[in-house]
Amino acid sequence: MGQVFGSIQDMLHGRKWRERQIRKITDKVFDRIKEDSGKDTLTFEDVCIAVLYVYNDINKYLPGPHNNPPSKAELRALMQEYDVNLNGLLDREEFADFIQKLTTDMLTAVSRNLVIALIVAPAVALLTKRATEGVPGVGKVVQKVPNSVYASVVTLGVVLVQNSSEGFE
Numbered sequence: 001m002g003q004v005f006g007s008i009q010d011m012l013h014g015r016k017w018r019e020r021q022i023r024k025i026t027d028k029v030f031d032r033i034k035e036d037s038g039k040d041t042l043t044f045e046d047v048c049i050a051v052l053y054v055y056n057d058i059n060k061y062l063p064g065p066h067n068n069p070p071s072k073a074e075l076r077a078l079m080q081e082y083d084v085n086l087n088g089l090l091d092r093e094e095f096a097d098f099i100q101k102l103t104t105d106m107l108t109a110v111s112r113n114l115v116i117a118l119i120v121a122p123a124v125a126l127l128t129k130r131a132t133e134g135v136p137g138v139g140k141v142v143q144k145v146p147n148s149v150y151a152s153v154v155t156l157g158v159v160l161v162q163n164s165s166e167g168f169e
């Protein structure tokens with residue numbers, strides 16, 4: 001149980017948690033590509049494949065909508081920006097910085113959605129429960145529902161609304 005609270009606490013710390021998660025993913029992907037190619041650097045073709053792996057992992061492990069990877073033209077421009085030694089290849093650190101830049105906006109949205117789902121929605125649910133006390137008929141029924149159940153139902157509703165609205169963006 002302590003691990004659950006620890007990971008939620010890490011998520012709420014934001015930037016450091018995101019950076020650690022992305023670094024885990026980039027190291028895993030870099031090692032996978034390195035194992036296949038036998039080189040310590042990634043060519044443009046390797047980077048394209050690696051970006052697909054990274055986006056696959058992000059879509060699989062992080063909550064939120066599906067995120068599409070950038071186009072090859074965008075990747076080429078970004079790769080040139082992060083190729084510090086100008087050799088046309090990315091080493092592990094250059095690749096980590098490259099992926100960090102590539103995924104910053106997406107991870108900010110994921111973090112925002114987590115804060116809404118884990119903190120804001122339950123708090124609003126409990127406030128609305130108290131507000132319904134004076135409503136005839138409804139107030140008595142709502143007051144009989146345990147706080148934890150009521151907060152869970154309202155939070156689930158908020159998450160469903162978030163997910164449905166993300167499909168329209």
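Just so we're aligned, residue 1 is where the sequence shown starts under UniProt numbering, counting upward by one.
Beta carbons are placed, not taken as given, at the ideal position from N, Cα and C, and that holds for glycine.
Three-way DSSP call (helix, strand, coil) for Ala-151 in this model: DSSP places Ala-151 in the helix class (H, G or I) of the three-state scheme.
Whole-angstrom distance between Gln-21 and Thr-104, CA atom to CA atom: When rounded, the distance between both Cα atoms is 12 Å.
Spatial distance of Asp-31 from Phe-44 (CA atoms): Going by the C-alpha atoms only, they are around 16 Å apart.
Span separating the alpha-carbon of Thr-128 from that of Val-142: Their backbone Cα atoms lie some 10 Å apart in a straight line.
What did DSSP end up calling residue 186 once you bin it into helix, strand or coil? Since the first residue shown for the chain is 1 and the last is 169, residue 186 is missing from the structure and cannot be characterised.
Under 8 Å: do the segment 35 to 43 and the segment 78 to 91 share three or more Cβ pairs, one atom per stretch? The way I'd put it, the segment 35 to 43 does touch the segment 78 to 91; three or more beta-carbon pairs between them come closer than 8 Å.
Proximity below 7 Å, CB of Val-29 to CB of Tyr-55: Cβ distance not < 7 Å, so Val-29 and Tyr-55 don't count as in contact.
Expected contact under 8 Å - CB spacing of Ile-58 and Ile-25 to nearest Å: The Cβ separation is near 7 Å, so the contact holds.
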